[in-house]
Amino acid sequence: MIDARVHIGQVCFDNPVMVASGTFGYAAEFEGLVDINAIGAIVTKTVTLEPRPGNPPPRIVETPSGMINSIGLPNVGVEQFITEKMPFLSTLTTRIIVNVAGKVNEEFAQIVARLDEVPGIDGYELNYSCPNVKEGGLSFSADPAIAEKVTKLVRQKTKRLVIAKLTPNVTSIGEIGQAVQNGGADAISAINTLVGMAVDINSRKPKIATITGGLSGPAIKPVALAKVFELVQCVNIPVIAIGGIMSWQDALEFLIVGARAIQVGTANFMDPGAATKTLDGLLSYCRENGISRIVDVIGTLKT
Amino acid sequence: MPGATNDFLVKIEQINLVAQNTFRISLKQSGISRYVHAGQFVNIKIPSNEILWRRPFSVHKINSVQNTFDILFNAIGRGTAALSKMEVGQQLRVLGPLGKAFVYPENTEEIIIVAGGLGIAPFLLLLQDMADMDIPKHLFYGVKTGSLACCVEEIHQLGAHLHLVTEDGSEGQKGLVTEFFEKYLLSLPVRDKRMVYACGPHPMLVKAQELVKRFGLKGQVSVENMMACGFGACVGCPVKMARPTESKFYYLACTDGPVFDLDEVILDD
Ligand SMILES: Cc1cc2nc3c(=O)[nH]c(=O)nc-3n(C[C@H](O)[C@H](O)[C@H](O)COP(=O)(O)OP(=O)(O)OC[C@H]3O[C@@H](n4cnc5c(N)ncnc54)[C@H](O)[C@@H]3O)c2cc1C
Ligand SMILES: Cc1cc2nc3c(=O)[nH]c(=O)nc-3n(C[C@H](O)[C@H](O)[C@H](O)COP(=O)(O)O)c2cc1C
Ligand code: FES
Chain H
328 MIDARVHIGQ VCFDNPVMVA SGTFGYAAEF EGLVDINAIG AIVTKTVTLE PRPGNPPPRI
388 VETPSGMINS IGLPNVGVEQ FITEKMPFLS TLTTRIIVNV AGKVNEEFAQ IVARLDEVPG
448 IDGYELNYSC PNVKEGGLSF SADPAIAEKV TKLVRQKTKR LVIAKLTPNV TSIGEIGQAV
508 QNGGADAISA INTLVGMAVD INSRKPKIAT ITGGLSGPAI KPVALAKVFE LVQCVNIPVI
568 AIGGIMSWQD ALEFLIVGAR AIQVGTANFM DPGAATKTLD GLLSYCRENG ISRIVDVIGT
628 LKT
Chain V
2 MPGATNDFLV KIEQINLVAQ NTFRISLKQS GISRYVHAGQ FVNIKIPSNE ILWRRPFSVH
62 KINSVQNTFD ILFNAIGRGT AALSKMEVGQ QLRVLGPLGK AFVYPENTEE IIIVAGGLGI
122 APFLLLLQDM ADMDIPKHLF YGVKTGSLAC CVEEIHQLGA HLHLVTEDGS EGQKGLVTEF
182 FEKYLLSLPV RDKRMVYACG PHPMLVKAQE LVKRFGLKGQ VSVENMMACG FGACVGCPVK
242 MARPTESKFY YLACTDGPVF DLDEVILDD
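First to last, the protein sequences are chains H and V.
Under the numbering used here, read the first sequence as residues 328 to 630, first letter to last.
Under the numbering used here, read the second sequence as residues 2 to 270, first letter to last.
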């Protein structure tokens with residue numbers, strides 16, 4: 328038996344393989360297609376204060392080794408999330424992390440405070456890639472002072488796990504990492520998508536309605552590895568790695584670099600069983616190499 | 002769970018060229034062939050590391066004795082080209098059945114199908130599903146040129162009145178399929194209790210929707226969107242609806258569709 332457990336903040340996860348926000352719906356979409364409870368944690372699609380319709384089509388386009396999306400965070404809003412999505416999520420035995428996004432600084436804390444009244448939630452992931460309406464649409468992790476402040480406001484509202492999810496579209500992700508650590512985050516997850524664009528040469532129109540979108544998938548894995556490596560060196564809190572993880576080998580690279588856990592994203596679309604296959608692969612790897620605890624591979628990069 | 006959507010590993014039983022650049026692949030999997038209804042689709046992993054997304058295909062017909070189901074496609078891009086070169090005995094990962102099927106009101110007295118090009122794909126299964134219904138079934142089938150028309154024999158065998166239309170007049174009648182659909186509607190003395198089904202290129206669907214509305218008929222359409230997942234996970238396939246609400250502003254083509262009522266769906270691009 329391999330001990331696959333990892334600890335983040337006060338929470339013990341059965342294993343380090345999670346699913347990334349926006350790629351696993353609210354888990355019900357995957358019922359029957361994968362053993363949901365075998366996944367270390369479910370991170371929900373982003374929940375906002377009010378319902379949002381999302382962006383007009385086209386929202387997605389396939390690109391070499393990746394895809395660009397501009398979904399626009401469609402969701403039913405926090406109140407309907409609680410009444411419509413939580414009943415299924417609370418039947419799960421695995422960990423539930425609710426990803427939240429606000430339009431202004433205070434909104435993150437407001438949503439978290441409301442969700443904190445609801446049982447069955449283990450923690451929150453703060454989507455700092457969304458636009459800050461008061462700052463001309465720059466993301467919440469564009470400015471370390473704002474990232475720290477928003478994290479502090481959330482920290483005051485909850486004892487549950489607080490994970491700050493960072494965008495790679497900044498000059499120094501390490502600086503933002505330190506800011507959210509100062510703000511009281513238990514962990515950092517990175518990376519969200521990279522800004523990307525694709526053009527239809529026949530119509531000369533952008534292939535995404537909002538012109539640019541977020542690039543994800545295998546294409547971004549090298550960038551994600553570098554950003555996770557940078558973060559691991561800049562902060563003391565655990566880093567959860569996201570970006571182009573399609574296989575257990577990809578996941579292992581991130582663990583070696585120092586990630587405490589990983590999230591499978593885009594891969595869920597092509598293979599709804601991607602997360603459990605990643606976990607199975609990691610466990611076999613440990614077995615074959617005489618490693619009894621998964622944590623023993625974390626941060627073993629030889630430089 | 003019987004009939005549940007699943008990610009099956011299925012074997013290619015047959016692969017045939019049935020018209021110009023048009024391929025039909027038979028796949029063996031009772032978990033799909035037994036439970037699928039016309040309008041539903043499967044999402045197929047192309048065996049190539051270069052191709053990220055699966056490719057969606059309508060289930061074209063089934064063989065309930067051999068537990069096979071077929072897909073019909075044109076080789077138009079990387080994925081479909083790779084599929085067309087697969088060989089009998091090879092295996093494919095197939096997620097399905099997915100999406101909502103065509104439905105008809107109890108009192109339907111005639112069905113009218115409007116298919117353009119590869120839009121014919123789901124309608125053989127529809128005719129199979131309706132084989133026991135002893136009502137007139139008209140199929141208006143438009144292609145650019147005669148060599149692209151397929152399944153003509155089978156359409157006859159399934160008891161449909163075929164109205165073949167080619168843009169160049171090389172076979173059947175010359176013109177656009179919707180022109181002959183319109184003429185037919187004009188020729189009808191009464192038009193209630195008729196159900197229209199449409200699948201094909203976008204301009205054809207727009208015209209079919211306009212005619213169905215103008216003549217006060219009921220109908221359904223199958224739409225094609227870009228799909229990253231096919232089962233509601235990516236929320237990347239929105240379709241505008243005529244009566245949006247705050248909590249449901251768009252439909253999803255993959256889970257709410259691909260079949261929609263013609264009076265509910267907005268077909269702009
Ligand atoms: C529910 C559904 C059912 C479908 N049923 C059939 C069918 O029965 N037979 C059939 O031949 N095709 C069908 N399609 C379309 C089929 O999925 C595309 O033709 C296929 O994905 C193209 O893949 P490719 O790699 O060959 O093309 P690519 O190289 O990816 O692209 C070639 C061209 O096809 C367009 N295209 C790519 N994907 C799609 C898509 N999902 N929908 C529409 N256009 C697309 C691209 O914009 C591009 O212009 C269906 C699509 C959907 C959504
Ligand atoms: C279609 C799609 C929707 C996404 N939606 C969200 C979201 O709602 N909230 C969020 O924080 N991240 C969202 N993401 C970002 C992913 O969680 C992840 O950070 C990113 O895709 C990189 O990982 P990947 O390459 O494994 O997909 C989305 C990604 C995709 C592809
Ligand atoms: S294709 Fe992913 S939600 Fe429809």
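The C-beta atom is built at its ideal place from N, Cα and C for all residues, glycine as well.
Three-state secondary structure (DSSP) of I438(H): Position 111 of the first sequence, counted from the start, is the residue given in the question as residue 438(H). Three-state result, I438(H): helix.
For the beta strand (DSSP E) containing Y252(V), name the first residue and the last one. Residue 252(V) sits at position 251 when you count from the first residue of the second sequence. Where Y252(V) is concerned, the enclosing beta strand (DSSP E) stretches over Y251 to L253.
Anyone know if the C-beta pair for C230(V) and F415(H) falls short of 9 Å? Counting from one through the second sequence, the residue named residue 230(V) turns up at place 229. Counting from one through the first sequence, the residue named residue 415(H) turns up at place 88. For C230(V) and F415(H), no; Cβs fall outside 9 Å.
When the distance is taken between beta carbons, is E110(V) closer than 9 Å to K194(V)? For the purposes of this step, residue 194(V) is taken as residue 193 along the second sequence, with counting starting at 1. For the purposes of this step, residue 110(V) is taken as residue 109 along the second sequence, with counting starting at 1. Yes, they are a contact pair.
Going straight from the alpha carbon of K534(H) to that of S619(H), what length do you get? Along the first sequence, one-based indexing puts residue 534(H) at 207. Along the first sequence, one-based indexing puts residue 619(H) at 292. Rounded to whole angstroms, K534(H) to S619(H) spans 48 Å at the Cα level.
Let's see if you can read the secondary structure: which residues bound the alpha helix (DSSP H) around T179(V)? The sequence position of residue 179(V) within the second sequence is 178, counting from 1. Looking at the DSSP string, the run of the alpha helix (DSSP H) that includes T179(V) is V178 to S188.
From I547(H) to G220(V), what distance separates their C-alpha atoms? Within the first sequence, residue 547(H) is the residue found at index 220, counting from 1. Within the second sequence, residue 220(V) is the residue found at index 219, counting from 1. Their backbone Cα atoms lie some 44 Å apart in a straight line.
Proximal residues, the region 399-419 of chain H versus chain V, C-beta separation under 8 Å: P401, V403, G404 and Q407
So which residues on chain H does E225(V) lean against when the C-beta distance must stay under 9 Å? Within the second sequence, the letter at position 224 stands for residue 225(V). Those do not exist, as E225(V) stays about 12 Å from chain H at its closest Cβ, beyond 9 Å.
Using a 10 Å radius around the Cβ and a threshold of 16 neighbouring Cβ atoms, would you call Q590(H) buried or exposed? By one-based count along the first sequence, residue 590(H) stands at place 263. That one is buried.
Beta strand (DSSP E) segment containing G97(V), residue limits: If you number the second sequence from 1, residue 97(V) lands on position 96. G97(V) -> beta strand (DSSP E) spans Q92 to L99.
Pick out whichever of L493(H), L542(H), A514(H) and D443(H) has its Cα sitting closest to the Cα of F467(H). Within the first sequence, numbered from 1, the residue matching residue 467(H) stands at position 140. For F467(H), the nearest C-alpha among the options comes from L493(H).
Can we count N396(H) as close to ligand 4, meaning its CB is less than 8 Å from some heavy atom? With respect to ligand 4, the structure offers nothing, as its ligand set consists of ligand 1, ligand 2 and ligand 3.
Within the same chain, show all residues whose beta-carbon is closer than 8 Å to that of A525(H), passing over the 5 residues directly before and after it, in chain order. The count along the first sequence starts at 1 and reaches residue 525(H) at position 198. Excluding positions up to five away in sequence, the list reads V388, T390, I395, P533, K534 and I535.
Comparing the C-beta of R195(V) with each C-beta of chain H, is any distance below 9 Å? As a working mapping, residue 195(V) is identified with position 194 in the second sequence. Not closer than 9 Å to any Cβ of chain H, the Cβ of R195(V) fails to qualify, so no.
Would you say I618(H) faces chain V, with C-beta separation under 9 Å as the test? Residue mapping note: residue 618(H) aligns to position 291 of the first sequence, counting from 1. No, because no Cβ of chain V sits closer than 9 Å to the Cβ of I618(H).
Buried/exposed call for T631(H), threshold 16 Cβ in 10 Å: In the structure as shown, chain H starts at 328 and stops at 630, and residue 631(H) therefore has no counterpart that could be examined.
Return no unless some Cβ of chain H is closer than 9 Å to the Cβ of C151(V). Sequence index remark: in the second sequence, residue 151(V) carries index 150 (1-based). By this cut-off, C151(V) is not an interface position.
So is the beta-carbon of C255(V) under 8 Å away from any non-hydrogen atom of ligand 1? Here residue 255(V) refers to the residue found at position 254 of the second sequence. Yes - ligand 1 has a heavy atom lying nearer than 8 Å to the Cβ of C255(V).
Stretch pair the region 256-263 of chain V + the region 81-100 of chain V: three plus CB contacts closer than 8 Å: yes
9 Å is my cut-off, CB to CB: does T593(H) come that close to chain V? If you number the first sequence from 1, residue 593(H) lands on position 266. Closer than 9 Å: yes.
In the structure shown, what three-state DSSP assignment does H139(V) receive? The sequence position of residue 139(V) within the second sequence is 138, counting from 1. Strand, per DSSP.
Amino acids of chain H, ordered along the chain, whose beta-carbon sits closer than 8 Å to that of A5(V): As a position in the second sequence, residue 5(V) is number 4, starting the count at 1. Ordered by position in chain H, the residues that pass the 8 Å Cβ test against A5(V) are G359.
Going by DSSP in three states, Y455(H) sits in which element: helix, strand or coil? Position 128 of the first sequence holds residue 455(H). Residue state, collapsed to three classes: coil.
Classify H162(V) as helix, strand or coil using the three-state DSSP reduction. Position 161 of the second sequence, counted from the first residue, corresponds to residue 162(V). Reduced to three states, the DSSP call for H162(V) is strand.
Is T498(H) near ligand 2, in the sense that its beta carbon is under 8 Å from a heavy atom of that ligand? Start at 1 with the first residue of the first sequence, and residue 498(H) comes out as number 171. False, no ligand heavy atom lies under 8 Å from that Cβ.
Within the same chain, show all residues whose beta-carbon is closer than 8 Å to that of V236(V), passing over the 5 residues directly before and after it, in chain order. Residue 236(V) sits at position 235 when you count from the first residue of the second sequence. Within the same chain, V236(V) has close Cβ partners L253.
Is the shortest distance between the beta-carbon of I424(H) and the beta-carbons of chain V less than 9 Å? The sequence position of residue 424(H) within the first sequence is 97, counting from 1. False, the Cβ-Cβ gap to chain V never drops below 9 Å.
Find the residues of chain H that neighbour G170(V), judging by a C-beta separation of less than 7 Å, and give them in chain order. In the second sequence, counting from the first residue as 1, residue 170(V) sits at position 169. Correct list: empty, because the minimum Cβ distance to chain H is about 28 Å.
Kindly confirm or deny that the region 502-514 of chain H and the region 351-360 of chain H touch, where touching means at least three C-beta pairs closer than 8 Å. no
Using the beta-carbon count (16 or more within 10 Å), is S188(V) buried or exposed? Counting from one through the second sequence, the residue named residue 188(V) turns up at place 187. Per the 10 Å Cβ criterion, exposed.
Check the Cβ-Cβ distances between N364(H) and every residue of chain V, and say whether any is below 9 Å. Counted from its first residue, the first sequence places residue 364(H) at position 37. No - not a single Cβ of chain V is within 9 Å of the one on N364(H).
For Q67(V), which beta-bridge partners are listed by DSSP? For the purposes of this step, residue 67(V) is taken as residue 66 along the second sequence, with counting starting at 1. Answer is none; Q67(V) lacks a bridge partner.
Following the continuous alpha helix (DSSP H) through D470(H), name the residue where it begins and the one where it ends. Position 143 of the first sequence, counted from the start, is the residue given in the question as residue 470(H). Neither: D470(H) is in no alpha helix (DSSP H) and is coded neither H nor E.
For ligand 2, is there a heavy atom less than 8 Å away from the beta-carbon of S85(V)? Along the second sequence, read from residue 1 onward, the residue named residue 85(V) stands at position 84. False, no ligand heavy atom lies under 8 Å from that Cβ.
Buried or exposed: T373(H), going by 16 or more other Cβ atoms within 10 Å of its Cβ? For this step, residue 373(H) is matched to residue 46 along the first sequence. Label assigned to T373(H): buried.
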